[in-house]
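In the numbering used here, the protein residues as written are 736 to 1217.
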């Protein structure tokens, strides 16, 4: 009999249980929130320089657990062990930037205009209180940086509710922050049912801000739950994508194919900003497709613990079945497969091992091209010019990222990029790059890809109250009479 009070994580590769966690009851979660409220009241009084010093020490503590953190990722979410260190290093790099900008981002902002004689004015940034972070399984460490670091440095207490697939990363964050000197209960982790997450955590009046990373339906559920609770709270939703790439006529075919394939296939395509649609100029279309397929064929699908594997399973058998159905439906609607799973011996129907798949003769009536696939699958379309590419790239309910591949040494190509980048309806535009976040830039989705901002100095605005201060000082004539 299944214990409904226990959460079990199933290995994407072996389909066997790898860990369990007790799920909190209503009263237990109530106590956690109360502890967070209490911790915030003392933490907000700690000088910013001391908070920064603890965060800097945390970087060292986190780096010290790199090996075990990599094992967690490979076992719990199925990423090839050879690629796990990249997330750990990226977490440190991303977090270090957020720590380095904290002092400036949280500093009072003097206001000189409009000038008012005898009045000094400035804007203060003060912590919200308790921040709930609902984190995903696909990049469990990197996504925690997006909101947690700024929230803690701003003086908030944070409660992390991790995805059931990857419970360990959030727990390791709590232990390493505590080792670095973070006071008890400033950062806590809870394991909850989906129902309790929505009906209690998201609706609790003591939760001041929610950061959610996940699917569009999940984001809608969180937003609705938050609106049904007492009072108002801020919310940031980092949701799905169906991100396009456009390969212009003057792009280097071999180099671009290698990079775009990586943008499609890395993490088995399980990234909100993975490339899922590719538009190629007709002048180089045939040659590009041929090169793209040859690069994709070199991938080794299999056991994530094997150092030679560079593409592992998708997260579940159910996810694999959904991906394969998208491909099947596209073929029935007229798409042609130019690289199928038969090239990869480990790929088998009914398993979570999905081989890289490339389709042509696709169009926007197909779910493959208009919905998120979240797998190692891509459709490639031919276009005749920049404007056709732009129209197709914007023809989506999503708007997370878009990439343009062209010759950066040619002034006309750069001008074309500049034009396209202003017209694309998405939060991030890349030139000759894809599937990447830079902590100095805001991470922000348009349309159904989300709302709110994480990373950059802007996230510090999201997790703080703003307070206007006006100090009238030139009143000597009043007080000198006394």
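C-beta atoms are modelled at their ideal positions from N, C-alpha and C, and glycine is treated no differently.
Between residue i and residue j, is the Cβ-Cβ spacing less than 7 Å?
{"i": "residue 772", "j": "residue 941", "result": "yes"}
{"i": "residue 1159", "j": "residue 1177", "result": "no"}
{"i": "residue 732", "j": "residue 790", "result": "No answer is possible for residue 732: it lies beyond the span of the chain, which begins at 736 and ends at 1217."}
{"i": "residue 1128", "j": "residue 979", "result": "yes"}
{"i": "residue 1087", "j": "residue 1051", "result": "yes"}
{"i": "residue 882", "j": "residue 962", "result": "no"}
{"i": "residue 793", "j": "residue 912", "result": "yes"}
{"i": "residue 1180", "j": "residue 1012", "result": "no"}
{"i": "residue 901", "j": "residue 811", "result": "yes"}
{"i": "residue 849", "j": "residue 857", "result": "no"}
{"i": "residue 1074", "j": "residue 1009", "result": "no"}
{"i": "residue 925", "j": "residue 909", "result": "no"}
{"i": "residue 969", "j": "residue 1001", "result": "no"}
{"i": "residue 775", "j": "residue 866", "result": "no"}
{"i": "residue 960", "j": "residue 938", "result": "yes"}
{"i": "residue 1148", "j": "residue 1041", "result": "no"}
{"i": "residue 954", "j": "residue 1170", "result": "no"}
{"i": "residue 1070", "j": "residue 1094", "result": "yes"}
{"i": "residue 807", "j": "residue 950", "result": "no"}
Among the options, which residue has its Cα nearest to the Cα of residue i?
{"i": "residue 1142", "options": "1135, 917, 965, 1153", "result": "1153"}
{"i": "residue 927", "options": "742, 750, 1129, 1187", "result": "742"}
{"i": "residue 788", "options": "981, 1146, 803, 914", "result": "914"}
{"i": "residue 1049", "options": "1089, 911, 930", "result": "1089"}
{"i": "residue 1061", "options": "860, 965, 1092, 1042", "result": "1092"}
{"i": "residue 1029", "options": "955, 1063, 988, 1055", "result": "988"}
{"i": "residue 1134", "options": "1208, 1168, 1151, 1182", "result": "1182"}
{"i": "residue 931", "options": "957, 810, 871, 921", "result": "957"}
{"i": "residue 919", "options": "802, 892, 850, 1039", "result": "892"}
{"i": "residue 860", "options": "896, 867, 842, 873", "result": "842"}
{"i": "residue 786", "options": "801, 805, 836, 753", "result": "836"}
{"i": "residue 1117", "options": "783, 825, 970, 1022", "result": "1022"}
{"i": "residue 748", "options": "1076, 1123, 1037, 906", "result": "1037"}
{"i": "residue 936", "options": "997, 905, 897", "result": "897"}
{"i": "residue 1058", "options": "797, 1106, 1015", "result": "1106"}
{"i": "residue 1162", "options": "1186, 1146, 1150", "result": "1186"}
{"i": "residue 871", "options": "1095, 894, 899, 1085", "result": "899"}
{"i": "residue 934", "options": "1200, 765, 1156, 1155", "result": "765"}
{"i": "residue 740", "options": "757, 753, 750", "result": "757"}
{"i": "residue 916", "options": "796, 873, 847", "result": "796"}
{"i": "residue 769", "options": "752, 921, 784", "result": "921"}
{"i": "residue 994", "options": "1026, 825, 971, 1007", "result": "1026"}
Assuming residue i and residue j are in contact, meaning their beta carbons sit under 8 Å apart, how far apart are those beta carbons, in whole angstroms?
{"i": "residue 832", "j": "residue 1174", "result": "4 Å"}
{"i": "residue 869", "j": "residue 948", "result": "7 Å"}
{"i": "residue 760", "j": "residue 973", "result": "That pair is no contact at about 29 Å."}
{"i": "residue 1164", "j": "residue 1137", "result": "5 Å"}
{"i": "residue 880", "j": "residue 829", "result": "5 Å"}
{"i": "residue 976", "j": "residue 1209", "result": "Actually they are not in contact, since the Cβ atoms of residue 976 and residue 1209 sit about 54 Å apart, beyond 8 Å."}
{"i": "residue 1039", "j": "residue 745", "result": "Rounded, the Cβ-Cβ distance is 14 Å, inconsistent with contact."}
{"i": "residue 1120", "j": "residue 1140", "result": "In fact, because the Cβ distance is near 15 Å, the residues do not count as touching under 8 Å."}
{"i": "residue 840", "j": "residue 1014", "result": "About 37 Å; that fails the 8 Å criterion."}
{"i": "residue 1034", "j": "residue 1046", "result": "5 Å"}
{"i": "residue 838", "j": "residue 783", "result": "6 Å"}
Count the other CB atoms within 10 Å of the CB of residue i; is the residue buried (16 or more) or exposed (fewer)?
{"i": "residue 1080", "result": "exposed"}
{"i": "residue 799", "result": "exposed"}
{"i": "residue 967", "result": "exposed"}
{"i": "residue 1184", "result": "buried"}
{"i": "residue 886", "result": "buried"}
{"i": "residue 1083", "result": "exposed"}
{"i": "residue 889", "result": "buried"}
{"i": "residue 1024", "result": "buried"}
{"i": "residue 763", "result": "exposed"}
{"i": "residue 1017", "result": "exposed"}
{"i": "residue 1205", "result": "exposed"}
{"i": "residue 992", "result": "buried"}
{"i": "residue 1004", "result": "buried"}
{"i": "residue 1111", "result": "buried"}
{"i": "residue 803", "result": "exposed"}
{"i": "residue 696", "result": "The requested residue 696 does not occur in the structure, where the chain is confined to residues 736 to 1217."}
{"i": "residue 1132", "result": "exposed"}
{"i": "residue 851", "result": "exposed"}
{"i": "residue 1207", "result": "exposed"}
Subject >> Completely contained beta strand (DSSP E) runs for the segment 871-907, where each covers 3 or more residues >> reply: 892-897
Subject >> Whole runs of the beta strand (DSSP E) within the segment 765-819, excluding any shorter than 3 residues >> reply: none
**OP:** Within the segment 943-1013, note down every full beta strand (DSSP E) run reaching 3 residues or more, in order along the chain.
**Re:** 944-948, 969-973, 978-982
**OP:** At 3 residues or longer, and completely inside the segment 820-879: list those beta strand (DSSP E) runs for me, N to C.
**Re:** 854-862, 865-870
Original post:
Unbroken alpha helix (DSSP H) runs of length 4 or more, entirely within the segment 1114-1154: which are they?
Top reply: 1121-1129
Subject >> alpha helix (DSSP H) runs wholly inside the segment 1014-1039, at least 4 long, in chain order >> reply: 1020-1032
**OP:** Kindly provide the ranges of any alpha helix (DSSP H) runs that are 4 or more residues long and lie completely inside the segment 1069-1118, ordered along the chain.
**Re:** 1102-1105
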